[in-house]
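Input: a single structure, listed below in structure tokens.
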Amino acid sequence: MAHPIAFAILVLVGIIATLVRDRLRPGLVMASGAVVFYCGGLLSTKELLEGFANKGLMTVALLFLISEGVRRSGLLEKFVGHILPKRHTSVKRTQLLSLPFVAFISAFLNNTPVVVIFAPMLKRWAEQKHLSATKFLIPLSYATILGGMCTLIGTSTNLVVDGLVTEAGFPGFSMFEIGKVGIFIAFFGLLYLILFSDRLLPEAREPINLADAGNFKGKDLQRIEVVLSARFPAIGRSVFDFDFKKKYGAFPIEISRGGKTILMRDMRKLNYREGDTVVLMADRNFMENWGDSSFFLMVSGEQETEPKMARWKRWTALGLLITMIIGATLGEMNKGEAGGSFRPDMFFFAAVVACLMAWLHIYPPRKYTKFISWDILITIAGAFAISKAMLNSGLAGAIAQFAIGLTDRFGPLILLAVIFIITDLFTELMTNNAAAALIFPISLSIAEKMGVSPTPFFITICIAASTSFATPIGYQTNLIVQGLGGYRFADFTRVGLPLNILALVITILLVPIFWPF
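Spelled out as structure tokens, the structure:
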């Protein structure tokens with residue numbers, strides 16, 4: 001084995017092990033791995049840094065801002081308010097009305113704000129109708145993931161793979177190209193959730209009573225739930241050593257983690273973790289002061305808060321989103337007719353819309369950096385560099401040759417299935433963008449050595465990197481609903497594993513039809 005390949009294997013094993021252990025943020029892990037490859041001579045300075053200038057990465061950053069503008073408009077809450085039944089109803093009927101709408105919205109917006117908006121609304125509505133909120137929250141997260149498979153901008157992973165594809169010298173994806181397969185997976189996935197999730201999901205636990213929470217003085221206190229983000233300053237610190245009351249003016253009374261509820265009296269040896277759902281007693285000032293804080297993935301109270309944005313801004317936000325989608329789609333359709341190097345593509349319209357939303361104060365322009373998930377962007381940039389290092393070292397080619405040798409009697413179709421399974425496994429254990437970047441150079445080498453089109457493999461990576469259904473750790477939306485619904489790890493596996501298998505079967509059947517080898 002050549003020295004560069006041995007070195008690359010050692011670095012990759014370290015990267016994967018660190019990501020799986022989840023001790024450091026994915027962005028830091030991927031950036032560190034890229035720097036190690038750089039120090040080992042497998043990356044030039046240009047190759048180390050060029051991921052930060054990739055169009056796909058910059059498009060992801062712009063879409064964070066656009067999603068925030070749409071979220072602040074309040075229109076999504078109003079739409080869902082009209083969709084949810086006003087009278088007593090069943091779980092299946094509510095899912096039939098809400099999940100397709102959620103999937104449609106998630107095809108064009110970042111998944112996380114969609115779940116942040118809808119999860120507390122669904123939970124409050126379910127409690128009012130005496131239904132178990134647990135019957136809706138996991139399906140909500142899965143519906144956003146299924147919707148994200150249908151468009152280029154539905155998830156950052158699609159844009160990451162698109163950026164890798166264009167960097168490799170191949171034509172990028174059009175707006176709805178991935179949806180040729182994604183829409184079938186979304187349709188049958190939603191059908192499965194509506195028909196079977198009610199029986200597979202647990203009943204809701206009883207919420208804690210205020211009387212059990214301790215003796216808190218003040219009549220204006222209300223029960224508020226927050227989901228801790230990676231930016232929360234006390235991650236890893238003891239609950240008792242961090243003065244929540246002094247910092248935020250709220251009293252923690254309960255923490256939900258992994259399906260278990262820990263009350264205040266049992267928190268002495270507990271440390272805060274990312275994804276914990278913390279129940280607080282706080283006044284209305286907490287929602288106003290910390291509702292948009294990057295320290296929390298989600299903040300929800302007992303009462304809904306009416307958005308304060310002017311009506312013309314609300315509809316302007318929606319109009320800009322629609323303009324971006326239509327403009328990018330038409331730009332892709334006419335790309336062969338455009339002269340020169342300029343082409344009004346997805347990045348062009350996202351940049352224009354993000355700037356217009358800032359100028360019109362649809363999202364606060366002074367706080368724009370707060371709405372961008374920098375760790376995701378650093379993860380993507382590091383992933384580009386690591387993918388290039390795998391090609392430079394010869395590791396991707398060696399793995400490809402080994403895989404072809406084992407399956408040469410079956411042809412490329414079996415390798416397509418192998419690529420799906422490995423990508424899906426990596427996604428479930430670490431993070432979707434890292435999984436896509438690690439598998440991309442291997443799939444490219446497989447296609448080149450077999451003399452077939454690499455496009456079926458690229459599409460398969462996009463789909464497989466989004467099928468994070470069997471664990472709560474692969475997708476941030478799963479992490480949000482886990483604590484909010486009090487789910488156990490096994491709840492995700494029981495409902496999500498059949499979805500993974502369904503996505504695998506549909507992908508293997510349809511990808512070669514739409515993109516022949």
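Numbered per UniProt numbering, the sequence shown spans residues 1 to 517. Heads up, the beta-carbon is just placed ideally off N, CA and C, and yes, glycines get one too.
Only exposed fits Glu203, as fewer than 16 other CB atoms lie within 10 angstroms of its CB. In the structure shown, Val239 adopts coil according to DSSP, grouped into three states. In the DSSP assignment, Ile224 falls within the unbroken beta strand (DSSP E) covering 222-228.
CA-CA distance, Leu76 to Pro113, rounds to 10 Å. For Ser256, the enclosing beta strand (DSSP E) has its first and last residue at 250-257. Between Arg314 and Ser67, the gap from beta carbon to beta carbon reaches 8 Å or more.
Below 8 Å, too few C-beta pairs join the region 439-456 and the region 488-502 to call them touching: fewer than three. Taking 4 residues as the shortest admissible run, the region 464-507 contains the following complete alpha helix (DSSP H) segments, listed from N- to C-terminal end: 476-485.
Residue Thr379 holds the alpha-carbon nearest to the alpha-carbon of Asn54 among Phe514, Thr379, Thr507, Leu504. Cβ-Cβ separation between Leu164 and Phe384: approximately 7 Å, consistent with a contact (criterion under 8 Å). Gly327 and Thr18 have their C-alpha atoms some 41 Å from each other. For Lys260, the enclosing beta strand (DSSP E) begins and ends at 260-263. DSSP places Met149 in the coil class of the three-state scheme, outside both helix and strand. Here Leu297 carries a strand assignment [DSSP, helix/strand/coil]. Here Asp243 is exposed. Its C-beta has fewer than 16 other C-beta atoms within 10 Å. In the same chain as Ile446, and ignoring 5 residues on each side of it, the C-beta atoms closer than 7 Å to its own belong to Ala400, Ala403, Ile404, Leu415, Phe457, in chain order. Membership of Met346 in the alpha helix (DSSP H) is indicated by the continuous run 346-359.
Sorting Phe108, Gly485, Leu84, Gly154 by C-alpha distance to the C-alpha of Ser98 places Leu84 at the top.
The C-alpha of Ile138 lies about 19 Å from the C-alpha of Ala464. The C-alpha of Phe348 lies about 32 Å from the C-alpha of Asn392. Among the bridge pairs identified by DSSP, Leu280 is matched with Ile224, Pro252. Assignment of Asn110 by DSSP, reduced to helix, strand and coil, places it in the coil class. In terms of Cβ geometry, Met346 and Thr166 do not form a close pair [threshold 8 Å].
About 4 Å separates the Cβ atoms of Thr477 and Ser141, confirming a contact at the 8 Å cut-off. Using a C-beta cut-off of 8 Å, the region 140-157 makes contact with the region 88-107, since at least three inter-stretch Cβ pairs fall below that distance. With respect to the C-alpha of Thr460, the residue from Gly182, Gly172, Ile117 having the closest C-alpha is Gly182. The Cβ atoms of Val227 and Gly291 lie no closer than 8 Å to each other. Our two residues, Val278 and Pro364, have alpha carbons roughly 27 Å apart in a direct line. Relative to Phe426, the option among Leu193, Pro26, Ala234 whose CA is nearest is Pro26. Under the three-state reduction of DSSP output, Asn271 falls in the strand class. Look at Glu203 here: in three-state DSSP terms it is coil, with no helix or strand label. Sequence-distant partners of Ala354 (beyond 5 residues in either direction) whose C-beta falls short of 7 Å from its own C-beta, in its chain, are Leu62, Leu65, Ile66. The beta carbons of Lys247 and Ser294 sit no closer together than 8 Å. Taken in chain order, the complete alpha helix (DSSP H) segments of 4 residues or longer contained in the region 45-117 are 45-49, 55-73, 75-83, 91-106. Comparing alpha carbon positions, the residue from Ile15, Lys388, Ser90 closest to His130 is Ser90.
Remark: fewer than three beta-carbon pairs, one from each stretch, lie closer than 8 Å, so the region 427-444 and the region 36-43 are not flagged as touching.
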